[in-house]
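Protein chains in written order, with the numbering used here: chain A, 220 to 359; chain B, 719 to 1156.
Here's the structure we're looking at; comments come further down.
If you want it as structure tokens, here you go:
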């Protein structure tokens, strides 16, 4: 099962936030996920530090996940994060580590986007045995 | 004209401050400009300005002596010392020659025997994230230890290095001024070489190592690691900047006409290719002209044995007792070792090799990990045609045959020649005369 995020809208949000008035210490990407099942639908928010996402430097990410229908998340929900450059045939060279803060909020460390170009950040969710993926596309 | 450039630069500073590092944001504020009759687009300018100047060398917290002057002097002496090798004829400087831009100019390096890879330049080596073509070392001090013990390179051992240090009064004094009291071994020994070789326990050097007390082993390891730290302190000084390209970029920022004329029209055309259609900038990014990471560019075997490159090196890196998180590191924290901590093997690492710096590249051939290309024209022809079938793994898919004309190839070479930088004080280019030797 795969959830699709509109790359264009995600990137637009990135740019809009990055180009906002004044210097910002953090960058928020809110990505309303569209899903092909009614039973699982989430909204994902990613806050990067440093922000904007630097090229070829380590960046931490705070990830917030909510069900779009307002229902509580399962305690056993698990998250994996990875990133890829589809047009390059490779992704990041690191294995990000995820620390759960509360159910639905996670600290992700170990992201390093080492090249400029088009990236896809994957957030893989497993809840009640149902896998899914949120994809956030952005350009460095 | 100067005012125009000043405004451009002010806008760039603002752009950086408000985070417009994304393509769409940048192109909206940079202005296309013409230099020497060649148009530099907004996107060209954005990428070019990130290539210069070379920043201040970052600290290495895993080596608290990395910027210690006495450590650097000791490291310099050891760098040129053939006494660390088993035959007394090979030093670090044998393959990293100061009058050869810290290379040996050979296709493959030769220590005690012929090696399988080309000797990379040491220019600006302190800026690197990983060491060796496959990145099997994460710190420069740890890298410096390997050739001493490598059976095909210097063939020595950590015991030989320890004894070389303790038997030389100048070395000993310098060492103690930096690292403190240099202890003696607890008992007399009759052999010169000892090092752990757990994968080949039958080796004489391994058996000699096993015969030493744990306390003596610990002492030798500590001194050995400090030898590496001294060598790092020296090698961090091998910095080359102030190329014609740096002068040109300074001109873009200041509007100084003389600086803008530092590059020939051919070199400017080559620069535009480099950051534009050629996409060289994808991997050769930043002021060191490398992303400090690894790529499979799809080279064939080239008549050489199969070299898997980065993939198998990652496990070696993680298990290395001299890595940045090991016992001999001066800062084992996660913050100081993030690259090491998070790195992992991925399938695409097969056949990948480190992106080399391009500063002084015209003077540091032959090229590629196996030195297969004699000159820059051969390198450019490779990227222009991409005719090889990768020896292993799969080629970085962003690479597309450039089909460059002969004129475009010549422009790229003109640009690469403009990356030749300054040299060093002559005193750093040779074995130093230490106080007690004068």
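All C-beta atoms in this analysis are idealised placements derived from N, C-alpha and C, irrespective of residue type, glycine included.
All figures in this text were calculated on a predicted structure; none of them were measured in a lab.
State the Cα-Cα distance for the pair residue i and residue j, rounded to the nearest angstrom.
{"i": "residue 1139 of chain B", "j": "residue 280 of chain A", "result": "39 Å"}
{"i": "residue 1037 of chain B", "j": "residue 328 of chain A", "result": "22 Å"}
{"i": "residue 1064 of chain B", "j": "residue 309 of chain A", "result": "9 Å"}
{"i": "residue 357 of chain A", "j": "residue 977 of chain B", "result": "36 Å"}
{"i": "residue 355 of chain A", "j": "residue 340 of chain A", "result": "5 Å"}
{"i": "residue 273 of chain A", "j": "residue 1093 of chain B", "result": "34 Å"}
{"i": "residue 255 of chain A", "j": "residue 261 of chain A", "result": "Low confidence applies to residue 255 of chain A: its pLDDT is 34, below 50, so where it sits in the model is not reliable, and the reading given next is rough at best. Their Cα atoms are separated by approximately 12 Å."}
{"i": "residue 1100 of chain B", "j": "residue 857 of chain B", "result": "31 Å"}
{"i": "residue 957 of chain B", "j": "residue 996 of chain B", "result": "27 Å"}
{"i": "residue 897 of chain B", "j": "residue 786 of chain B", "result": "11 Å"}
{"i": "residue 1096 of chain B", "j": "residue 880 of chain B", "result": "44 Å"}
{"i": "residue 965 of chain B", "j": "residue 1047 of chain B", "result": "38 Å"}
{"i": "residue 798 of chain B", "j": "residue 940 of chain B", "result": "21 Å"}
{"i": "residue 783 of chain B", "j": "residue 803 of chain B", "result": "24 Å"}
{"i": "residue 883 of chain B", "j": "residue 944 of chain B", "result": "11 Å"}
Compare the C-beta of residue i against all C-beta atoms of chain B and say whether one is closer than 8 Å.
{"i": "residue 314 of chain A", "result": "yes"}
{"i": "residue 264 of chain A", "result": "no"}
{"i": "residue 297 of chain A", "result": "no"}
{"i": "residue 334 of chain A", "result": "yes"}
{"i": "residue 306 of chain A", "result": "yes"}
{"i": "residue 351 of chain A", "result": "no"}
{"i": "residue 348 of chain A", "result": "no"}
{"i": "residue 329 of chain A", "result": "yes"}
{"i": "residue 245 of chain A", "result": "Caution applies to residue 245 of chain A, whose pLDDT of 35 falls short of 50 and renders its modelled position unreliable; the model cannot decide the point."}
If you measure between the beta carbons of residue i and residue j, is that distance less than 8 Å?
{"i": "residue 801 of chain B", "j": "residue 951 of chain B", "result": "no"}
{"i": "residue 1034 of chain B", "j": "residue 854 of chain B", "result": "yes"}
{"i": "residue 982 of chain B", "j": "residue 923 of chain B", "result": "no"}
{"i": "residue 287 of chain A", "j": "residue 323 of chain A", "result": "no"}
{"i": "residue 1072 of chain B", "j": "residue 848 of chain B", "result": "yes"}
{"i": "residue 893 of chain B", "j": "residue 1006 of chain B", "result": "no"}
{"i": "residue 1024 of chain B", "j": "residue 1105 of chain B", "result": "no"}
{"i": "residue 771 of chain B", "j": "residue 1008 of chain B", "result": "no"}
{"i": "residue 1078 of chain B", "j": "residue 839 of chain B", "result": "yes"}
{"i": "residue 1067 of chain B", "j": "residue 1012 of chain B", "result": "yes"}
{"i": "residue 346 of chain A", "j": "residue 292 of chain A", "result": "yes"}
{"i": "residue 1027 of chain B", "j": "residue 1113 of chain B", "result": "no"}
{"i": "residue 1098 of chain B", "j": "residue 1130 of chain B", "result": "yes"}
{"i": "residue 317 of chain A", "j": "residue 344 of chain A", "result": "no"}
Going by the DSSP bridge assignment, what does residue i pair with across the sheet?
{"i": "residue 821 of chain B", "result": "B:815"}
{"i": "residue 317 of chain A", "result": "A:327"}
{"i": "residue 1027 of chain B", "result": "B:1070"}
{"i": "residue 279 of chain A", "result": "A:268"}
{"i": "residue 337 of chain A", "result": "A:358"}
{"i": "residue 284 of chain A", "result": "A:263"}
{"i": "residue 301 of chain A", "result": "A:341"}
Between which residues of its own chain and residue i is the CB-CB distance below 7 Å, once the five residues before and five after are set aside?
{"i": "residue 1081 of chain B", "result": "819 and 1138"}
{"i": "residue 1119 of chain B", "result": "1102, 1103 and 1104"}
{"i": "residue 986 of chain B", "result": "753, 754 and 756"}
{"i": "residue 938 of chain B", "result": "876, 877 and 880"}
{"i": "residue 895 of chain B", "result": "788"}
{"i": "residue 962 of chain B", "result": "980, 981 and 1136"}
{"i": "residue 314 of chain A", "result": "329"}
{"i": "residue 1000 of chain B", "result": "1116"}
{"i": "residue 843 of chain B", "result": "858, 953 and 956"}
Quick one: residues in its chain with C-beta nearer than 6 Å to the C-beta of residue i, no 5 flanking neighbours on either side, listed in chain order?
{"i": "residue 926 of chain B", "result": "909 and 912"}
{"i": "residue 865 of chain B", "result": "871 and 872"}
{"i": "residue 878 of chain B", "result": "910 and 911"}
{"i": "residue 1089 of chain B", "result": "825, 826 and 836"}
{"i": "residue 1055 of chain B", "result": "1042 and 1043"}
{"i": "residue 258 of chain A", "result": "Because the pLDDT of residue 258 of chain A is 35, which lies under 50, any placement of that residue in the model is unreliable, and the number read from its coordinates should be weighed accordingly. Cβ neighbours of residue 258 of chain A beyond the five flanking positions: none."}
{"i": "residue 743 of chain B", "result": "Since pLDDT at residue 743 of chain B reaches only 33, below the 50 mark, its modelled position is unreliable, and the value read off the structure follows with that caveat. Cβ neighbours of residue 743 of chain B beyond the five flanking positions: none."}
{"i": "residue 332 of chain A", "result": "338 and 359"}
{"i": "residue 903 of chain B", "result": "934"}
{"i": "residue 243 of chain A", "result": "In this prediction, residue 243 of chain A scores a pLDDT of 26, lower than 50, which makes its location untrustworthy; the coordinate-derived value is nonetheless stated afterwards. Hits under 6 Å: none found."}
Compare the C-beta of residue i against all C-beta atoms of chain A and say whether one is closer than 8 Å.
{"i": "residue 1056 of chain B", "result": "yes"}
{"i": "residue 1060 of chain B", "result": "yes"}
{"i": "residue 856 of chain B", "result": "no"}
{"i": "residue 1064 of chain B", "result": "yes"}
{"i": "residue 1048 of chain B", "result": "no"}
{"i": "residue 1002 of chain B", "result": "no"}
{"i": "residue 1116 of chain B", "result": "yes"}
{"i": "residue 1112 of chain B", "result": "yes"}
{"i": "residue 1126 of chain B", "result": "no"}
{"i": "residue 1009 of chain B", "result": "yes"}
Once the 5 residues before and after residue i are set aside, which same chain residues still bring their CB inside 8 Å of it?
{"i": "residue 766 of chain B", "result": "758, 967, 970, 989 and 993"}
{"i": "residue 905 of chain B", "result": "931 and 934"}
Check whether the Cβ of residue i lies closer than 8 Å to any Cβ atom in chain D.
{"i": "residue 340 of chain A", "result": "Checking the listed chains, one finds no chain D in this structure; the protein chains it contains are A and B."}
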